[in-house]
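Since the structure comes first, as structure tokens, the remarks are kept for the end.
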Amino acid sequence: MNSHQRFQATCNHRSPDWTPIDYLAHPDLDRRLREALGVETEEGLLDSLGCDFFYLPGRDISQNEGFSPFYRGRRLDVTDRERTCPLGIRWRRKVGASKFAVDEAIAGPLEDAMSPADVLNHPWPKAEDFDFSHLVGEAERHSDRVRIGGLWTGILGDSYRLHGFENFLLNIRMNPELIHALVDRMTEVYLDLNDAVFSALKGKMEVWFFGNDFGSQQG
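Numbering (the working numbering), first residue to last: -19 to 199.
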């Protein structure tokens, strides 16, 4: 079986020749594995691990810099140590264009927002701010693997980073109209952006991967 046949058999509850192998890890682990296996590239590492999947780049427009090659919007403030993402969130630079790791959020542009109007007046990114056509060649080069794409789409995570975590939790109760407007607008932004990704990669992507993290100091 090849990777596509193995994946389809698994999805259809049929026994493949072996369980499909997936891999995505922190850059430090990447480096250590490449050194141990004697490979220098991502492709070499995936081959060595027998991996059936390939994650397309540019998966996140906020938490890391993987979006940078595709961004064509307004100029973003970037220094050696900090950066502003297309959503307007300020980050401490650390992980670069990693497909897995994330930077540390410093401040959100909507921390002082008081009303739905404040949310709607924010300069939200649009699909035309990105050119996802560059992903086509990347997808075609890895057509032998199951290609995973789409944006991380951290709707609630990016919402509370925009507004501030404590503000977000407080205003779920104290100012629910504001929170509804924020989450709804974030949802619209990600629907728009993912539609652009899907349009650019029609027929060249097998899996849409998205997610969100929910946590506290207790769990």
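We put the CB at the ideal spot given by N, CA and C, even for glycine.
Bear in mind the structure is a predicted one, so any value in this text is a computation, not a measurement.
Cα-Cα separation between Pro105 and Leu67, rounded to whole angstroms: For the purposes of this step, residue 105 is identified with residue 125 of the sequence shown, where counting begins at 1. For the purposes of this step, residue 67 is identified with residue 87 of the sequence shown, where counting begins at 1. Linking Pro105 to Leu67 through their CA atoms gives a straight-line distance of about 6 Å.
Any 3 or more C-beta pairs closer than 8 Å across the region 172 to 187 and the region 144 to 156: The region 172 to 187, when compared against the region 144 to 156, does not touch it at the 8 Å Cβ threshold.
Contacting residues, own chain, Cβ-Cβ under 7 Å from Val75 (five flanking each side not counted): Locating residue 75 in the sequence shown gives position 95, counting from the first residue. Here Val75 has Pro7, Asn44, Ala81, Val82, Asp83 as same chain residues with Cβ atoms under 7 Å from its own Cβ, once five neighbours each way along the sequence are excluded.
With 16 other Cβ atoms within 10 Å as the buried cut-off, status of Asp40: In the sequence shown, counting from the first residue as 1, residue 40 sits at position 60. Result: buried.
Whole-angstrom C-beta distance between Leu115 and Leu36, which should lie under 8 Å: For the purposes of this step, residue 36 is taken as the residue at position 56 of the sequence shown. For the purposes of this step, residue 115 is taken as the residue at position 135 of the sequence shown. Under the criterion of beta carbons closer than 8 Å, Leu36 and Leu115 qualify as touching, at roughly 6 Å.
DSSP state of Ile152 mapped onto helix, strand, coil: Locating residue 152 in the sequence shown gives position 172, counting from the first residue. Three-state result, Ile152: helix.
Simplified DSSP assignment, three categories, for Ile128: On the sequence shown, residue 128 is found 148 positions in, with the first residue counted as 1. Collapsing the DSSP output to three states places Ile128 in a strand.
Whole-angstrom distance between Met94 and Leu9, CA atom to CA atom: The residue given as residue 9 occupies position 29 in the sequence shown. The residue given as residue 94 occupies position 114 in the sequence shown. One C-alpha to the other measures close to 43 Å.
Distance CB(Ser42)-CB(Cys65) smaller than 8 Å: Here the question's residue 42 lines up with position 62 in the sequence shown. Here the question's residue 65 lines up with position 85 in the sequence shown. Yes, the Cβ-Cβ distance between Ser42 and Cys65 is below 8 Å.
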